[in-house]
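Beneath this line is the structure, given in structure tokens, with notes to follow.
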Amino acid sequence: MRKISIKIGLLFFCLIFTMEVCLFFLLHQKIAHSRIDEQLSSLVTRGNNHRDVLETYYNEETIHHIALMEVKSDTEVVITNKQGKVIISSAEINQFQSLLNVEKKDVPRSGKVIEDNWKSEPYIATVTPFKGGVDKGYVYMFQDTSQLKELINQLNRHFLIAGIATAFVTAIIILILSRIIARPLIKMKEATKELSQGNFSIQLENKSNDELGELAESIQLLSNELNHLKTERNEFLASISHELRTPLTYIKGYAEVAKREHLSLDERLDYLIVITEEATKLTTLVTELMELAQLDNNTFTIQKEMFYVSDSLKKISQKILPAFKQEAKKLLIICPENIQIYADPIRFEQIILNLLENARKYSSKGTITTTEISKKDTEIKISIHDKGKGIPDNDIPFIFERFYRVDKSRSRELGGTGLGLSIVKELIDAHNWQIEVSSEINKGTTFTIIARGDRDYA
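And the structure:
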């Protein structure tokens, strides 16, 4: 039995059982007192009836008739005169003697209960005064309390049986309800245990719209996120291992070849150039990994300031234009002189350089890569459009992931690390900007940055 269902069940059972005991006790007392009051009232009424008969037909025959009636009933009658002398009794008088001597002053005509202690006394008793002609007297009525005790005992047995049955049914219902309530909690506990052990592929059924349902949904979202992070981490480690292994293999291989004594100077120089290129790629990869680590840990700072976009683009153009010309590609920049932007100038330059470098790698010879800046109100759009092979629609959602390459077969040839667009996305998010991508196969790709130009919106 699971502890949580036991705790919930015991808690509910104790609460409900306590309520039931209180209700049963109150109900029992009410019924018992009601039955006793009925017996006392019936006894008073019987005495009053005898009083009426005596006051109407007071004679010896009537008195004997009353006594004879009580002999054949479960009650007893004693008739006395006003001095307390017994006129007639339906039973042995000694057993009633103590009650016949009670104070009878101020006894109302409607009768009075003179003994109601049914628990410890053998009889309950009432007295009713009568006036028969010139004679006055009292009618005493007695009833054996054993009948009342049996009645109460029978009532107790019925309540005990009902209480046991109710407790049993309550226990079963609470057991079922506690399991129903505890089941999702137990499943969530098992799910969190699985999560703690590294199993993130869990599925929680959520059939309720209450707080438990919301908790299950939160755990499921956490599981999905952790599973996604685990997958990303594994892919990242696999990718980085591959990216590091490849240049290191080149460096080691060409270094071994370059050590051979019979090589000519030109051959040795060619090998050393390859080693230098691979070392440069390795350095670039490590640098970009360090930048991503800083971006992930928020250990870098964005130093925003107002500057003219055109001035920044001129510096960027001077850096990247030679690479475009070397590959017989063109770069066109369209930017009004008066557009200012509130951003980190160094990070802004890094974003544009990465996007232009990406456009250069994937555009064809003789094509033009266009960078266009426009502003409407406080919104600035920076569009970089190339005329390359384009990106398939199913690849677009993943291009900002680390080490993701659309053209995997040309990755070594193009020299990219697969981290450039990831860095761009992190820097865009750090500025609270947006970036959109649209592409057509064999027509080109457009990256559009939507930024804010004013300090108030940055």
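For the sequence shown, counting from 1, position 196 maps to 197 in this note's numbering; every step adds exactly one. For every residue, glycine included, the Cβ atom is placed at its ideal position computed from N, Cα and C. None of the values given here were measured: they were computed from a predicted structure.
So, is ILE424 buried or exposed, given that buried needs 16 or more other C-beta atoms within 10 angstroms? For the purposes of this step, residue 424 is identified with residue 423 of the sequence shown, where counting begins at 1. The residue in question, ILE424, is buried, as its Cβ has 16 or more Cβ neighbours within 10 Å.
Enclosing alpha helix (DSSP H) for THR63 [first to last residue]: Position 62 of the sequence shown, counted from the start, is the residue given in the question as residue 63. Per DSSP, the continuous alpha helix (DSSP H) segment holding THR63 begins and ends at 61-72.
Three-state secondary structure assigned by DSSP to GLN435: Numbered from its first residue, the sequence shown carries residue 435 at position 434. Correct three-state label for GLN435: strand.
By DSSP's criteria, GLN144 is part of a beta bridge. Which residues make up the other side? Indexing the sequence shown from 1 puts residue 144 at position 143. Per DSSP, THR76 and ILE125.
Output the boundary residues of the alpha helix (DSSP H) element that contains ASP478. This structure does not reach residue 478, given that the chain is present from 2 up to 459, and the question cannot be answered.
Starting from the C-beta of ASN339, find all residues in its chain whose C-beta is less than 8 Å away, skip the five residues before and the five after it, and write them out in chain order. Position 338 of the sequence shown holds residue 339. If we look at ASN339 and ignore the five residues flanking it on each side, its Cβ neighbours are TYR309.
Give the secondary structure of ASP345 by DSSP, where H, G and I count as helix, E and B as strand, and everything else as coil. For the purposes of this step, residue 345 is taken as residue 344 along the sequence shown, with counting starting at 1. If DSSP states are grouped into helix, strand and coil, ASP345 belongs with coil.
Using C-beta distances below 7 Å, list every residue in its chain close to PHE401, excluding the 5 sequence neighbours before and after it, in chain order. Stepping through the sequence shown from its first residue, residue 401 is reached at position 400. The residues are LEU422, SER423 and LYS426.
Among ALA183, SER318, ARG180 and ILE352, which has the Cα closest to the Cα of ASP430? By one-based count along the sequence shown, residue 430 stands at place 429. Nearest to ASP430 by C-alpha distance, out of ALA183, SER318, ARG180 and ILE352, is ILE352.
Comparing alpha-carbon positions, which option in GLN198, ILE252, THR193 and GLU233 lies nearest LEU223? Position 222 of the sequence shown holds residue 223. Among GLN198, ILE252, THR193 and GLU233, the Cα nearest to that of LEU223 belongs to THR193.
Tell me HIS386's beta-bridge partners as DSSP assigns them. Taking the first residue of the sequence shown as position 1, residue 386 is located at position 385. Answer by DSSP bridge pairing, in chain order: THR371 and THR447.
Opposing strand residues paired with ILE89 [DSSP bridges]: Here residue 89 refers to the residue found at position 88 of the sequence shown. DSSP, once it has assigned bridges, lists ILE80 as partnering ILE89.
Cβ pair LEU333, THR371 closer than 8 Å: One-based indexing of the sequence shown puts residue 333 at position 332. One-based indexing of the sequence shown puts residue 371 at position 370. A distance below 8 Å separates the beta carbons of LEU333 and THR371.
Starting from VAL310, trace the alpha helix (DSSP H) in both directions and tell me its first and last residue. Indexing the sequence shown from 1 puts residue 310 at position 309. Segment 310-327, the alpha helix (DSSP H) holding VAL310.
CB-CB length for ALA256 against ILE274, believed under 8 Å: In the sequence shown, counting from the first residue as 1, residue 256 sits at position 255. In the sequence shown, counting from the first residue as 1, residue 274 sits at position 273. At roughly 13 Å, the Cβ-Cβ gap does not stay under 8 Å, so ALA256 and ILE274 are not in contact.
Below 8 Å between beta carbons: does that hold for ILE374 and ARG453? Locating residue 374 in the sequence shown gives position 373, counting from the first residue. Locating residue 453 in the sequence shown gives position 452, counting from the first residue. Their beta carbons are not under 8 Å apart, which means ILE374 does not touch ARG453 by this criterion.
Whose CA, out of LEU354, PHE13 and GLY391, lies closest to the CA of LYS320? For the purposes of this step, residue 320 is taken as residue 319 along the sequence shown, with counting starting at 1. When only C-alpha atoms are compared, the closest one is LEU354.
For ALA259, the nearest candidate out of ARG269, TYR251 and LYS253 (CA to CA): Numbered from its first residue, the sequence shown carries residue 259 at position 258. Measuring from the Cα of ALA259, the nearest candidate turns out to be ARG269.
Delimiting residues of the beta strand (DSSP E) encompassing LEU420: Within the sequence shown, the letter at position 419 stands for residue 420. Here LEU420 belongs to no beta strand (DSSP E), and DSSP marks it neither H nor E.
At least three beta-carbon pairs within less than 8 Å, the segment 86-98 to the segment 106-120: With the cut-off at 8 Å, the segment 86-98 and the segment 106-120 do not touch.
Considering only residues of the same chain and omitting the five flanking positions on each side of TYR458, which have a CB-CB separation below 6 Å? Start at 1 with the first residue of the sequence shown, and residue 458 comes out as number 457. The predicted model places TYR458 with a pLDDT of 47, which falls under 50 and marks its position as unreliable; any figure quoted below should be read in that light. If we look at TYR458 and ignore the five residues flanking it on each side, its Cβ neighbours are THR379.
Of the residues ALA33, MET70 and GLY254, the one placed nearest ASN50, counting alpha carbons only: As a first step, residue 50 is located in the sequence shown; it is residue number 49 there, counting from the start. Nearest C-alpha to ASN50: MET70.
Taking the alpha carbon of PHE404 as the point to measure from, which residue in LEU41, HIS432 and ALA239 has its own alpha carbon closest? The residue you call residue 404 lines up with position 403 of the sequence shown. With distances taken between CA atoms, PHE404 lies nearest to ALA239 out of LEU41, HIS432 and ALA239.
Determine the contact status of THR449 and SER384, defining contact as a CB-CB distance below 8 Å. In the sequence shown, counting from the first residue as 1, residue 449 sits at position 448. In the sequence shown, counting from the first residue as 1, residue 384 sits at position 383. At a Cβ-Cβ threshold of 8 Å, THR449 and SER384 count as neighbours.
Among PHE25, TYR272, GLU328 and ARG184, which residue has its Cα nearest to the Cα of LEU156? Along the sequence shown, one-based indexing puts residue 156 at 155. Measuring C-alpha to C-alpha distances from LEU156 to each of PHE25, TYR272, GLU328 and ARG184 identifies PHE25 as the nearest.
Apply the 10 Å Cβ neighbour rule to SER265 and answer buried if 16 or more other Cβ atoms are within range, or exposed otherwise. Taking the first residue of the sequence shown as position 1, residue 265 is located at position 264. For SER265, the number of other beta carbons within 10 angstroms of its own is below 16, and it is reported as exposed.
Contact the segment 340-350 vs the segment 359-366: 3+ CB pairs below 8 Å: Too few Cβ pairs lie closer than 8 Å, so no.
Taking the alpha carbon of TRP434 as the point to measure from, which residue in GLN327, GLU122, PHE349 and VAL45 has its own alpha carbon closest? Walking along the sequence shown from the start, residue 434 turns up at place 433. Just measuring C-alpha positions, the residue of GLN327, GLU122, PHE349 and VAL45 sitting nearest TRP434 is PHE349.
Quick one: is ALA166 buried, meaning 16 or more other Cβ sit within 10 Å of its Cβ, or exposed? On the sequence shown, residue 166 is found 165 positions in, with the first residue counted as 1. The residue in question, ALA166, is exposed, as its Cβ has fewer than 16 Cβ neighbours within 10 Å.
What separation, rounded to the nearest whole angstrom, lies between the Cα atoms of ILE451 and ILE203? Position 450 of the sequence shown holds residue 451. Position 202 of the sequence shown holds residue 203. Roughly 38 Å separates the two Cα atoms.
Count the other CB atoms, across all protein chains shown, that sit within 10 Å of the CB of VAL22; report buried if there are 16 or more and exposed otherwise. Here residue 22 refers to the residue found at position 21 of the sequence shown. Exposed, since its Cβ has fewer than 16 Cβ neighbours within 10 Å.
Close beta carbons around SER439, own chain, < 8 Å, minus the five adjacent residues each side: Sequence index remark: in the sequence shown, residue 439 carries index 438 (1-based). Closer than 8 Å at Cβ, skipping near neighbours: THR446, THR447 and THR449.
Please confirm if ILE383 has its CB atom under 8 Å from at least one CB of chain D. The question asks about chain D, but that chain is absent: this structure has only one protein chain.
Under 8 Å between C-beta atoms of LYS330 and THR368: Translated into the one-based positions of the sequence shown, residue 330 becomes position 329. Translated into the one-based positions of the sequence shown, residue 368 becomes position 367. Against a cut-off of 8 Å, the Cβ pair of THR368 and LYS330 comes out as a contact.
Below 6 Å CB to CB, which residues in the same chain sit around ILE37 once its five sequence neighbours on both sides are set aside? Position 36 of the sequence shown, counted from the first residue, corresponds to residue 37. Nothing meets the Cβ criterion.
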